[in-house]
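In what follows, a single structure is set out as structure tokens and then discussed.
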Ligand code: CAA
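Residue numbers (my numbering): 78 to 335.
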């Protein structure tokens, strides 16, 4: 695996693990982090042996936001001209399943990047928030949209207008995170979930993710039609034959990802 300046990239079995690694800046997301994460995603998505991608930080911080020191001197034309933050769409558009394993601070861009992942698993010390308003700006990597869809208008307004943090319990109650685990077990638990996903047929997992994501973008009728059509298409895969044969023969399936 390639070495990077601001992240660690490893493969654990069929799981690709990206660890944000700017400890002195609480993993603040600067342009180099974005460049490294995009290159790592390209590498993992291009590797047929990788079935799921785990994104994590440290026990103190998943990421404390976009890098304020990098943003502070920018002008409107710097931001608009470079379409600042647009590169993060690469993560939201990843085709393989992604899991964010969040401990400590997931603030601003940190919360937004975690929300771009398909599953968000939180350590019991996790803190989520969109404090941009305290800096004189608003969320810029999707927070006003994805947080609102995840937790509803009432809580999204509360968090985005006051800039307050919510703890892991509140985030789970609100529907932002799928589960909470003790901080010292976060990586093990997230890896177990990623390994489970990676043990499934990769094309089927990718299509399942696409179908769920479609529900955000379309009407119920169109979404149901999309689901039905892609469900039918799965019967063209060897893995559908294998999965159902294994059930009938009372054995474990041996998916070939085809
Ligand atoms: N950008 C740049 N540097 C950051 C940072 C950030 N978002 N967050 C923390 N750091 C740096 C601090 O400047 C500090 O560096 P120095 O030692 O060189 O001063 C180091 O990380 C440690 O931070 P603190 O000393 O502040 O640690 P703390 O434990 O006292 O506080 C914290 C932790 C509450 C998370 C605090 O660091 C903080 O409030 N950070 C900023 C959170 C924030 O506002 N995030 C939103 C950013 S804007 C954004 O993300 C825009 C968007 O929508 C995309």
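From the three backbone atoms N, C-alpha and C, an ideal C-beta is built for every residue, glycine too.
None of the values given here were measured: they were computed from a predicted structure.
### Task
Closer than 7 angstroms by C-beta to residue 288: which residues in its own chain qualify, once you throw out the five before and the five after it? Chain order, please.
Position 211 of the chain shown holds residue 288. Closer than 7 angstroms at Cβ, skipping near neighbours: 303, 304, 307.
### Task
Specify, as a first and last residue, the run of the beta strand (DSSP E) that residue 242 falls within.
The residue given as residue 242 occupies position 165 in the chain shown. That run of the beta strand (DSSP E) goes 242-244.
### Query
When the Cα of residue 319 is compared with those of 297, 281, 298, which residue comes out closest?
On the chain shown, position 242 is the one that residue 319 refers to. Ranking the options by Cα distance to residue 319, first place goes to 281.
### residue 227 beta carbon near the ligand CAA (any heavy atom closer than 7 angstroms)
Working through the chain shown from its first residue, we reach residue 227 at position 150. Every heavy atom of the ligand CAA is 7 angstroms or more from the Cβ of residue 227, so no.
### Task
May I ask you to report which of helix, strand or coil DSSP gives residue 256?
If you number the chain shown from 1, residue 256 lands on position 179. Residue 256 falls in the strand class under three-state DSSP.
### Task
Counting only the same chain and skipping the five closest in sequence on each side, list residues whose C-beta sits under 7 angstroms from that of residue 108.
Locating residue 108 in the chain shown gives position 31, where the first residue counts as 1. Excluding its 5 nearest sequence neighbours in each direction, residue 108 has C-beta neighbours in its own chain below 7 angstroms: 147, listed in chain order.
### Query
What separation, rounded to the nearest whole angstrom, lies between the Cα atoms of residue 160 and residue 105?
On the chain shown, position 83 is the one that residue 160 refers to. On the chain shown, position 28 is the one that residue 105 refers to. For residue 160 and residue 105, the distance between alpha carbons rounds to 19 angstroms.
### Message
On the CB-based measure, 16 or more other CB atoms within 10 Å of its CB, does residue 133 come out buried or exposed?
### Response
By one-based count along the chain shown, residue 133 stands at place 56. So residue 133 counts as buried.
### Query
Which whole-angstrom value describes the C-beta separation of residue 228 and residue 253, a residue pair presumed to lie in contact below a C-beta threshold of 8 angstroms?
For the purposes of this step, residue 228 is taken as the residue at position 151 of the chain shown. For the purposes of this step, residue 253 is taken as the residue at position 176 of the chain shown. Residue 253 and residue 228 do touch by the CB rule: their CB atoms are close to 5 angstroms apart, below 8 angstroms.
### Message
Considering only their Cβ atoms, is the gap separating residue 177 from residue 144 smaller than 8 angstroms?
### Response
By one-based count along the chain shown, residue 144 stands at place 67. By one-based count along the chain shown, residue 177 stands at place 100. Taking 8 angstroms as the Cβ cut-off, residue 144 and residue 177 do not qualify as a contacting pair.
### Query
Closer than 7 angstroms: is that where the CB of residue 144 sits relative to any heavy atom of the ligand CAA?
Reading the chain shown from its first residue, position 67 is the one you call residue 144. True, at least one ligand heavy atom lies under 7 angstroms from that Cβ.
### Query
Which residues in the same chain have their Cβ closer than 8 angstroms to the Cβ of residue 151, if we skip the five residues on either side of it in sequence?
Here the question's residue 151 lines up with position 74 in the chain shown. If we look at residue 151 and ignore the five residues flanking it on each side, its Cβ neighbours are 161.
### Query
Using a threshold of 7 angstroms, is the CB atom of residue 150 nearer than that to any non-hydrogen atom of the ligand CAA?
Taking the chain shown and counting its residues from 1, one reaches residue 150 at position 73. Incorrect: residue 150 has no Cβ contact closer than 7 angstroms to the ligand CAA.
### Query
So, is residue 325 buried or exposed, given that buried needs 16 or more other C-beta atoms within 10 angstroms?
Taking the first residue of the chain shown as 1, we reach residue 325 at position 248. Burial call: exposed.
#### Entry: With 16 other Cβ atoms within 10 Å as the buried cut-off, status of residue 78
Counted from its first residue, the chain shown places residue 78 at position 1. Exposed is the call here.
### Query
Is there contact between the stretch 234-241 and the stretch 206-213, where contact requires at least three CB pairs shorter than 8 angstroms?
Yes: at least three Cβ pairs fall under 8 angstroms.
#### Entry: Opposing strand residues paired with residue 132 [DSSP bridges]
What you label residue 132 is simply residue 55 of the chain shown in a count that begins at 1. Per DSSP, 95, 177.
### Task
Measure from the alpha carbon of residue 216 to the alpha carbon of each residue in 85, 163, 89, 116, then state which is nearest.
Numbered from its first residue, the chain shown carries residue 216 at position 139. When only C-alpha atoms are compared, the closest one is 163.
### Message
Tell me which residues share the same chain as residue 249 and place their Cβ nearer than 6 angstroms to its Cβ, disregarding the 5 neighbours each side in the sequence.
### Response
Position 172 of the chain shown, counting from 1, holds the residue named residue 249. Contacts found: 257.
### Query
Among 195, 179, 220, which residue has its Cα nearest to the Cα of residue 204?
The residue labelled residue 204 in the question sits at position 127 within the chain shown. Minimum Cα distance to residue 204 is reached at 179.
#### Entry: Residue(s) in a DSSP beta bridge with residue 87
Mapped onto the chain shown, residue 87 falls at position 10. Bridge partners of residue 87: 94.
### Message
Could you tell me the alpha carbon to alpha carbon distance between residue 183 and residue 322, rounded to whole angstroms?
### Response
Start at 1 with the first residue of the chain shown, and residue 183 comes out as number 106. Start at 1 with the first residue of the chain shown, and residue 322 comes out as number 245. Their backbone Cα atoms lie some 44 angstroms apart in a straight line.
### Task
Just mark residue 89 as buried or exposed, buried being the case when its beta carbon has 16 or more other beta carbons within 10 Å.
Translated into positions along the chain shown, residue 89 becomes position 12. Counting Cβ neighbours within 10 Å, residue 89 comes out exposed, since fewer than 16 surround it.
### Message
the ligand CAA and residue 182: does the residue's C-beta get closer than 7 angstroms to at least one heavy atom of that ligand?
### Response
For this step, residue 182 is matched to residue 105 along the chain shown. For residue 182, the shortest C-beta to heavy atom distance toward the ligand CAA is below 7 angstroms.
### Any non-hydrogen atom of the ligand CAA closer than 7 angstroms to residue 280 Cβ
As a position in the chain shown, residue 280 is number 203, starting the count at 1. It does not: the Cβ of residue 280 is nowhere closer than 7 angstroms to a heavy atom of the ligand CAA.
### Query
If we ignore side chains and look at the alpha-carbon of each, how far apart do residue 271 and residue 234 end up?
Against the chain shown, residue 271 aligns to sequence position 194. Against the chain shown, residue 234 aligns to sequence position 157. Approximately 32 angstroms between the Cα atoms of the pair.
#### Entry: In DSSP terms, what residue 182 is bridged to
By one-based count along the chain shown, residue 182 stands at place 105. Looking at the DSSP assignment, residue 182 forms a beta bridge with 138, 204.
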